[in-house]
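S.K.: Letter by letter, the sequence shown follows residues 67 to 490 in our numbering.
Glycine included, C-beta positions come from ideal geometry on N, C-alpha and C.
Sharing a structure below in structure tokens format, with a few things to ask.
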Amino acid sequence: MITFEEFLKNYFFKWTHSLITKTVKVMMDEQKNLAAWECLDQALFTSSHVKAKDMEKGSTDWDNVYPVSKEETDKMKNLVDEAVRKADDPSDSFFRERVSDLREIISYSYSKHRTWKWSLIFGSIIAACIFWYFGNQDKEDAQKYAKDVTLVENWKKADTTITYDKLDASSELSYQLYERRVQSANAYKLMKLHDLKRNAESYREGMKTAKHSADTAKLDKNIESYKKRMAECEEKMEKYQDEFDEVADMDFDEIQKMALKDTQGLVDDINDSASTKTGWMIYLIILIPLYIISGYPRGYVISAHRRQHGFMRTLQKIGFAVASFFFGSGLLMSLLPDSIVEYHYTSGRVETRNEGNPVNIVILGIKFGLMIAGVLIFCFVSVLIMTIETISGLKRNFNWAAMLNKGKKAPVAVAEAPINARND
């Protein structure tokens, strides 16, 4: 039988010694890498994105850990290096994992990343081609209308008397008169007077309609409204009649002067339009390489402006989705049948078929209108985002102050060289 002294010696003291040893080991494990972990915790909260309440809580979203400047990245790197130096056990798995995660963030922050997108460049190229095409169209139109100026300058002097009553005000003549306007002073005057009389007669009819409505209306409120409309039409009619009389009294020289002003003004407007379109084309040609050059920001720049990057991504998704909807709707309308045709056979059988109707101008207009709208929205969103990101990239990704200072210092060194040479 075991005595009490033997029990204490063989069992209790050994168990107590083992328990104390394990407790001391656990306490030592808890103290292990303590100084190193403090450095890692400081590195974890280096970024300006980390809020004060997150620091007090001791945790934050992982996206907030990324530094937003070179200074913060340098500080995080120094803290991680210090933690490695202070580590009692660098092989600890948790410690090594945290160090590895922070070093990945540091590497990302120092590195440059491509942010430009081929889809935006493609949209800008399409926009540049559109401006190029319509700019050339304007130039051709300007050359065509410049010939009209020459025709007006070479008019032969003639009598230009035209009375109001004998002038036909039908709208069917408008296009024909416009096409023949530069053939002679009488043709031009006839076109101007026809337009003025057509407008005057249109308001005369409007005045009659308003008067009839006022006479038949029962509510005082409606009567006053129609009378007001009648007065407006009468005022406009008298205005166009006065303009008609003014043009009708013009002689050959006055008509020629007015025609030259109108035709030359049209040429100038078309040339201005062509110059504007050419300017936009040149702008896009310059924008594309600048967009690519400025599209390599460092990681901390991306982190500093993550809201803008997120907004640009959202804008691109929404814009491209709307463009795809319009273009896709037009494309589907082009593929779907738009007419239902019944075929009656001699046997009495009736068959109904869905067939396309290519002569339907309205449907064709809607189809192409939707597709064109989709392309224009795609181009507009691409150019807008490229412009914003290029300006931001040029501003943030290059140290312009250092470049300018370097450029200012260069002439000083050149100027000092001859002085030193003479002293020698």
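1. On the criterion of 16 or more Cβ atoms from any shown chain inside 10 Å, does residue 297 qualify as buried, or is it exposed?
2. Taking residue 140 as part of the alpha helix (DSSP H), name the residues at either end of that continuous run.
3. My understanding is that residue 224 touches residue 250, with C-beta atoms under 8 angstroms, so please give their C-beta distance in whole angstroms.
4. Where do the N-terminal and C-terminal ends of the alpha helix (DSSP H) with residue 178 fall, by residue?
5. What is the DSSP secondary structure of residue 410, counted as helix, strand or coil?
6. Run through the DSSP bridge pairs and tell me what residue 417 is partnered with.
7. With a threshold of 16 other CB atoms inside 10 Å of the CB of residue 221, please say whether the residue is buried or exposed.
8. Going straight from the alpha carbon of residue 190 to that of residue 306, what length do you get?
9. Where does the unbroken alpha helix (DSSP H) through residue 274 begin, and where does it stop?
10. Quick one: Cα of residue 339 to Cα of residue 200, how far?
11. Could you check how far apart the C-beta atoms of residue 393 and residue 437 are, in whole angstroms? I think they sit under 8 angstroms.
12. Using DSSP with H/G/I as helix, E/B as strand and the rest coil, what is residue 247?
13. I believe residue 248 touches residue 241 by the beta-carbon criterion, under 8 angstroms. Please report the beta-carbon distance rounded to the nearest angstrom.
14. Under the rule that 16 or more other beta-carbon atoms within 10 Å means buried, what is residue 260, buried or exposed?
15. With 16 other CB atoms within 10 Å as the buried threshold, where does residue 466 fall?
16. Enumerate in chain order the residues of its own chain whose CB-to-CB distance from residue 444 is below 7 angstroms, with the five nearest sequence positions on each side excluded.
M.R.: Working from what's here:
1. exposed
2. 136-152
3. 7 angstroms
4. No alpha helix (DSSP H) holds residue 178; DSSP gives it neither H nor E.
5. strand
6. 409
7. buried
8. 46 angstroms
9. 251-282
10. 9 angstroms
11. 5 angstroms
12. coil
13. With a Cβ gap of about 14 angstroms, residue 248 and residue 241 do not count as contacting.
14. buried
15. exposed
16. 189, 386 and 389
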